[in-house]
Amino acid sequence: MATRLQYENNCEIGVFSKLTNAYCLVAIGGSENFYSTFEAELADVIPVVKTSIAGTRIIGRMCAGNKKGLLLPHNTTDQELQHLRNSLPDSVVVQRIEERLSALGNCISCNDHVALTHPDLDKETEELIADVLGVEVFRQTVAGNILVGSYCTFSNIGGLVHPHTSIEDLDELSTLLQVPLVAGTVNRGSDVIAAGLTVNDWTAFCGSDTTATELSVIESVFKLREAKPSALVDEMRKSLIDTYV
Amino acid sequence: MAQGVGMFTVPQTIGSVLCCRCGILMQPNAANMCANCLRSEIDITEGLQKHVIIIFCPECNSFLQPPRTWIKAELESKELLTFCVKRLKNLSTVRMVHAEFVWTEPHSKRIKIKLRVQKEVLHGAILEQAYTVEYVVQDQLCESCARVQANPDQWVAAVQLRQHVPHRRTFFYLEQLILKHDAAKDAIRITQMDQGIDFFFGKRSHGVKFVEFVGKVAPTRSRTDKQLVSQDSKSNTYHYKYTFSVEISPICREDLICLPPKLSVSLGNLGPLVICTKVTNTIALLDPRTLRQCFLDAEQYWRSSFKALLSSRQLTEYMIIDMEEARSEENVGGARYVLADAHVARVSDLGKNDRHFIVRTHLGHLLSCGDYALGYDLYSANSNDFELDKYRGVIPDVILIKKSYEEKRQRRQRKSRSWKLKSLNMEVDDGTRGREHEEKMNTEYEHFLRDLEENPDLRFNLSLYRNKEYEPSMASVADGDDVPSVPLEELLADLDLADEESEEDEMVE
Numbered sequence: 001m002a003t004r005l006q007y008e009n010n011c012e013i014g015v016f017s018k019l020t021n022a023y024c025l026v027a028i029g030g031s032e033n034f035y036s037t038f039e040a041e042l043a044d045v046i047p048v049v050k051t052s053i054a055g056t057r058i059i060g061r062m063c064a065g066n067k068k069g070l071l072l073p074h075n076t077t078d079q080e081l082q083h084l085r086n087s088l089p090d091s092v093v094v095q096r097i098e099e100r101l102s103a104l105g106n107c108i109s110c111n112d113h114v115a116l117t118h119p120d121l122d123k124e125t126e127e128l129i130a131d132v133l134g135v136e137v138f139r140q141t142v143a144g145n146i147l148v149g150s151y152c153t154f155s156n157i158g159g160l161v162h163p164h165t166s167i168e169d170l171d172e173l174s175t176l177l178q179v180p181l182v183a184g185t186v187n188r189g190s191d192v193i194a195a196g197l198t199v200n201d202w203t204a205f206c207g208s209d210t211t212a213t214e215l216s217v218i219e220s221v222f223k224l225r226e227a228k229p230s231a232l233v234d235e236m237r238k239s240l241i242d243t244y245v
Numbered sequence: 001m002a003q004g005v006g007m008f009t010v011p012q013t014i015g016s017v018l019c020c021r022c023g024i025l026m027q028p029n030a031a032n033m034c035a036n037c038l039r040s041e042i043d044i045t046e047g048l049q050k051h052v053i054i055i056f057c058p059e060c061n062s063f064l065q066p067p068r069t070w071i072k073a074e075l076e077s078k079e080l081l082t083f084c085v086k087r088l089k090n091l092s093t094v095r096m097v098h099a100e101f102v103w104t105e106p107h108s109k110r111i112k113i114k115l116r117v118q119k120e121v122l123h124g125a126i127l128e129q130a131y132t133v134e135y136v137v138q139d140q141l142c143e144s145c146a147r148v149q150a151n152p153d154q155w156v157a158a159v160q161l162r163q164h165v166p167h168r169r170t171f172f173y174l175e176q177l178i179l180k181h182d183a184a185k186d187a188i189r190i191t192q193m194d195q196g197i198d199f200f201f202g203k204r205s206h207g208v209k210f211v212e213f214v215g216k217v218a219p220t221r222s223r224t225d226k227q228l229v230s231q232d233s234k235s236n237t238y239h240y241k242y243t244f245s246v247e248i249s250p251i252c253r254e255d256l257i258c259l260p261p262k263l264s265v266s267l268g269n270l271g272p273l274v275i276c277t278k279v280t281n282t283i284a285l286l287d288p289r290t291l292r293q294c295f296l297d298a299e300q301y302w303r304s305s306f307k308a309l310l311s312s313r314q315l316t317e318y319m320i321i322d323m324e325e326a327r328s329e330e331n332v333g334g335a336r337y338v339l340a341d342a343h344v345a346r347v348s349d350l351g352k353n354d355r356h357f358i359v360r361t362h363l364g365h366l367l368s369c370g371d372y373a374l375g376y377d378l379y380s381a382n383s384n385d386f387e388l389d390k391y392r393g394v395i396p397d398v399i400l401i402k403k404s405y406e407e408k409r410q411r412r413q414r415k416s417r418s419w420k421l422k423s424l425n426m427e428v429d430d431g432t433r434g435r436e437h438e439e440k441m442n443t444e445y446e447h448f449l450r451d452l453e454e455n456p457d458l459r460f461n462l463s464l465y466r467n468k469e470y471e472p473s474m475a476s477v478a479d480g481d482d483v484p485s486v487p488l489e490e491l492l493a494d495l496d497l498a499d500e501e502s503e504e505d506e507m508v509e
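Protein sequences appear in the order of chains A and B.
When we follow the UniProt record's numbering, the leftmost residue of the first sequence carries the number 1, and every step to the right adds one.
When we follow the UniProt record's numbering, the leftmost residue of the second sequence carries the number 1, and every step to the right adds one.
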């Protein structure tokens, strides 16, 4: 189920938060509303951690991670690093990497199996990503934009990309990522997908400007409507019974 | 990947996304909203004028462009469209792509224009929108029409042309010149006065232009005056009536003049008796005894304003009894003169007495034995001239001026000419004169027409039109001896609008 919210009157949720299957990072804000929305949704399941990275609030764009690990830029302070190591579960590997392109969230887009990266990323960084996050790394562009981390976002179930992506590109990316992809918009026609939306396998959060149409597209591609235990059984039943005579 | 010409590029098909508001499938654009949603969301015509009031003068069909200019334009014309678009404020914030009129009933006093404008909205998408502007037309007389309405005879400049001579030849000729050059097209009224013509104009500049035109074709002197009609001391505007008093010199063609001694000496001892041969803006004087010609321009004339001794009314007719050998030939100023001695007698003397004169004449090339000529009879003339009395030298008895075609004209049967002249639209103050004056006018006009026939250089500046009613009678062939007439090539075919013939006003020459 997708939730609509705002961070201090700004609809770019994906900038101020990072959501994965194992944890959720939230920026420190003036009021607690942002944090409490995430908490209300996720607290029972995964830890929701308030943090800053390199002293900034734009944590969603500075770091990249999945359930296996978290990558932090070189300008993360030691205290932040320590705080994160303490707060996150032990299964998650927290690693600070030396990379010229320090906004890792804009350069890397990943789920638990595959990652798409900025074409100009260092070789060592690529190896680190493969190591820490345990994913297969592909250098790609999305609709001609090199900041793949901003213009597309995908989970293990589905993905949303920049609206101007051509059909051939869509097919190619879909083959690479092995998930269904759709071109769409978020936050009333904004094409910076990952900035306006943050998603994991069972839930999504997007800016409050998102229209009902966009929300329905998001819910359908990430299969959020059927995120209930009974849905699974229904699906199995569908595959078991072929036709009604 | 291989660089260069043979590079393999994947053909890109643009996919479709859902409009973020209404959810219909559409091509992605900068705003990612379908055109309808964009249009309903954003109105680019907000803040633009939709109702404008424009002011129109029904008399001269012009529209007011404040503060003061009036622009003449027809309904649904290009000028009107430009004018209406200019009156819209704030149109600089959007880009105008197209403008056209929407038809409205002319009596409704409304003009509608449909405009298409473009503006950039949201994330760089350009939106185009059409809207209608309605103009309410209000009637108001412009200042010049108001002034004309209040007093239709109102003139601002008056030019009074005068020439103090007893005949009107100059004014007939001037009338034709004015017609040829269209100099009086701005005149509100033209009135014929005793010894002159008055022209009335609506603007001072027209009057000045006319005075300058007359100054170019005749030797004149003028003075100007103005009279205050009204004033607005708050805005320091004054309305005047301007009067130009133009006097044409009384010297005409064929006049006999006795020059004052000072002028005669300054012109190189030109014999005091001279004939005026041509008057344009200079006066050409010819000494018949020495065949010397000189020119006086207007200022020189008015400095020593002499009058004519005898003028063409006082010409008498002579018959040439005998012509002697030509003395000398001269080509003076384009005209050929031959000095010769002639034995002449007055026609009135023929048969009565034996008085004859031996004269030296400059018309040796024209005259031969048995011809008739017109000249001034100084023998019997009683002239009241100081200069002539002071003159010590020999005064000739007769000075011949031109050849006479009187006899031949009387023999000629045909009454009408093959050509005709146009005339100005003049108001004539008729009542006080009576029949004699009218007859005098007619004979003078007839003389003027004969003058035109005889002198090709006089015709040069005028337009003569072909006379449709003229039928060349058979008798003209039998005439034999030539009466000077206007050759057909010099005539202009008159513009005949009524018959819609294709004859147009072209120079047949």
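All residues carry an ideal CB built from backbone N, CA and C; glycine is no exception.
Buried versus exposed call for residue 127/A [16 or more other C-beta atoms within 10 Å across all chains shown]: Position 127 of the first sequence, counting from 1, holds the residue named residue 127/A. Exposed: under 16 other Cβ atoms inside 10 Å.
Comparing alpha-carbon positions, which option in 189/B, 295/B, 274/B and 296/B lies nearest residue 287/B? Here residue 287/B is taken as the residue at index 287 of the second sequence, counted from 1. Considering only alpha carbons, the answer is 274/B.
Can you name the residues that DSSP bridges to residue 69/A? On the first sequence, position 69 is the one that residue 69/A refers to. Answer by DSSP bridge pairing, in chain order: 93/A.
Residue-level contact to chain A via CB, residue 121/B, 8 Å cutoff: On the second sequence, position 121 is the one that residue 121/B refers to. Output row for residue 121/B: interface = no.
So, under 8 Å CB-CB, residue 461/B and residue 180/B are touching, yes? Tell me the CB distance rounded to an integer number of Å. Here residue 461/B is taken as the residue at index 461 of the second sequence, counted from 1. Here residue 180/B is taken as the residue at index 180 of the second sequence, counted from 1. Confirmed, about 7 Å.
Give the DSSP-derived three-state secondary structure of residue 18/A in the structure shown. Here residue 18/A is taken as the residue at index 18 of the first sequence, counted from 1. Here residue 18/A sits in strand by DSSP.
Rounded distance between the beta-carbons of residue 116/A and residue 148/A, thought under 8 Å: If you number the first sequence from 1, residue 148/A lands on position 148. If you number the first sequence from 1, residue 116/A lands on position 116. With a Cβ gap of about 5 Å, residue 148/A and residue 116/A count as contacting.
I want to verify the contact list: residues of chain A whose CB lies under 9 Å from the CB of residue 13/B, in sequence order. Start at 1 with the first residue of the second sequence, and residue 13/B comes out as number 13. Neighbours of residue 13/B on chain A, chain order: 166, 167 and 168.
Does the distance from the C-beta atom of residue 295/B to that of residue 308/B stay below 8 Å? In the second sequence, residue 295/B corresponds to position 295, counting from 1. In the second sequence, residue 308/B corresponds to position 308, counting from 1. In this structure, residue 308/B does not lie closer than 8 Å to residue 295/B by Cβ.
If we cut at 8 Å on Cβ distances, does residue 185/A have a partner in chain B? Here residue 185/A refers to the residue found at position 185 of the first sequence. Yes, residue 185/A counts as interfacial toward chain B.
For residue 207/A, which beta-bridge partners are listed by DSSP? Taking the first residue of the first sequence as position 1, residue 207/A is located at position 207. In the DSSP output, where bridge partners are listed per residue, residue 207/A has 5/A.
Give a single yes or no on whether residue 109/B has its beta carbon closer than 7 Å to a heavy atom of the ligand FMN. This structure lacks the ligand FMN; in fact it carries no ligand of any kind.
Residues in its own chain within less than 7 Å of residue 89/B by CB, not counting five upstream and five downstream? Counting from 1 along the second sequence, the entry for residue 89/B is found at position 89. Only 49 meet the Cβ criterion.
Is residue 18/A buried or exposed, if buried means 16 or more other CB atoms sit within 10 Å of its CB? Locating residue 18/A in the first sequence gives position 18, where the first residue counts as 1. By the neighbour-count rule (16 or more Cβ atoms within 10 Å), residue 18/A is buried.
Which partner residues of residue 364/B appear in the DSSP bridge assignment? Start at 1 with the first residue of the second sequence, and residue 364/B comes out as number 364. Looking at the DSSP assignment, residue 364/B forms no beta bridge with any residue, so it has no partner.
By the three-class DSSP mapping on this structure, what secondary structure does residue 101/A have? In the first sequence, the residue the question calls residue 101/A occupies position 101. In the structure shown, residue 101/A sits in coil (DSSP, three-state: anything other than H, G, I, E or B).
Rounded to a whole number of angstroms, what is the C-alpha to C-alpha distance between residue 61/A and residue 22/B? Residue mapping note: residue 61/A aligns to position 61 of the first sequence, counting from 1. Residue mapping note: residue 22/B aligns to position 22 of the second sequence, counting from 1. One C-alpha to the other measures close to 31 Å.
Any contact between the segment 131 to 142 of chain A and the segment 196 to 214 of chain A? By contact I mean 3 or more CB pairs, one from each, below 8 Å. no
Are the Cβ atoms of residue 194/A and residue 153/A separated by less than 8 Å? Working through the first sequence from its first residue, we reach residue 194/A at position 194. Working through the first sequence from its first residue, we reach residue 153/A at position 153. It is a contact, given that the beta carbons lie within the stated cut-off.
If you draw a straight line from the C-alpha of residue 4/A to the C-alpha of residue 221/A, how long is it? Stepping through the first sequence from its first residue, residue 4/A is reached at position 4. Stepping through the first sequence from its first residue, residue 221/A is reached at position 221. C-alpha separation (whole angstroms): 17 Å.
Whose Cβ in chain A lies nearer than 7 Å to the Cβ of residue 21/B? Taking the second sequence and counting its residues from 1, one reaches residue 21/B at position 21. Per Cβ cutoff of 7 Å: 211 and 213.
Is residue 56/A buried or exposed, if buried means 16 or more other CB atoms sit within 10 Å of its CB? Counting from 1 along the first sequence, the entry for residue 56/A is found at position 56. Residue 56/A should be labelled exposed.
Would residue 1/B count as contacting chain A if we go by Cβ distances under 8 Å? Here residue 1/B is taken as the residue at index 1 of the second sequence, counted from 1. Confidence at residue 1/B is low in this model, with a pLDDT of 47, below 50, so its placement is unreliable and the value that follows should be read with caution. With 8 Å as the cut-off, residue 1/B does not count as an interface residue toward chain A.
Name the residue from 234/B, 442/B, 34/B and 118/B whose alpha carbon lies nearest to the alpha carbon of residue 94/B. What you label residue 94/B is simply residue 94 of the second sequence in a count that begins at 1. Among 234/B, 442/B, 34/B and 118/B, the Cα nearest to that of residue 94/B is on 118/B.
Go through its chain and collect everything with a Cβ distance to residue 42/A's Cβ below 6 Å, but skip five positions before and after it. The residue you call residue 42/A lines up with position 42 of the first sequence. Taken in chain order, the residues that qualify are 24 and 48.
Can residue 157/B and residue 213/B be called in contact, C-beta distance under 8 Å? Start at 1 with the first residue of the second sequence, and residue 157/B comes out as number 157. Start at 1 with the first residue of the second sequence, and residue 213/B comes out as number 213. Cβ distance not < 8 Å, so residue 157/B and residue 213/B don't count as in contact.
State the start and end residues of the unbroken beta strand (DSSP E) segment that holds residue 238/B. Counting from 1 along the second sequence, the entry for residue 238/B is found at position 238. From DSSP, the beta strand (DSSP E) with residue 238/B extends over 237 to 248.
Could you name the residues of chain B that residue 120/A contacts, counting a contact when the two beta carbons are closer than 7 Å? To locate residue 120/A, count along the first sequence from 1; it is residue 120. In chain order: nothing, as chain B lies at least about 16 Å away.
At least three beta-carbon pairs within less than 8 Å, the segment 34 to 41 of chain A to the segment 67 to 84 of chain A: no
Give the residues from the segment 26 to 45 of chain B that approach chain A closer than 8 Å (Cβ to any Cβ), ordered along the chain. 28, 31, 32 and 33
Could you name the residues of the segment 124 to 138 of chain B whose beta carbon sits closer than 7 Å to any beta carbon of chain A, in the order they occur along the chain? none
Helix, strand or coil: which one does DSSP assign to residue 178/A? Here residue 178/A corresponds to residue number 178 of the first sequence, with the count starting at 1. Note: residue 178/A maps to coil in three-state DSSP.
Mind checking if residue 180/A is an interface residue toward chain B, Cβ cutoff 8 Å exclusive? As a working mapping, residue 180/A is identified with position 180 in the first sequence. Taking Cβ atoms only, chain B never reaches closer than 8 Å to residue 180/A, which makes this a no.
Is the number of C-beta pairs between the segment 160 to 168 of chain B and the segment 250 to 263 of chain B that are closer than 8 Å three or more? yes
Can you tell me the Cβ-Cβ gap for residue 159/B and residue 207/B, rounded? I've got them flagged as a contact below 8 Å. By 1-based counting over the second sequence, the position of residue 159/B is 159. By 1-based counting over the second sequence, the position of residue 207/B is 207. At roughly 5 Å, the Cβ-Cβ gap stays under 8 Å, so residue 159/B and residue 207/B are in contact.
Taking the C-alpha atoms as reference points, what is the distance between residue 329/B and residue 368/B? Taking the first residue of the second sequence as position 1, residue 329/B is located at position 329. Taking the first residue of the second sequence as position 1, residue 368/B is located at position 368. About 16 Å.
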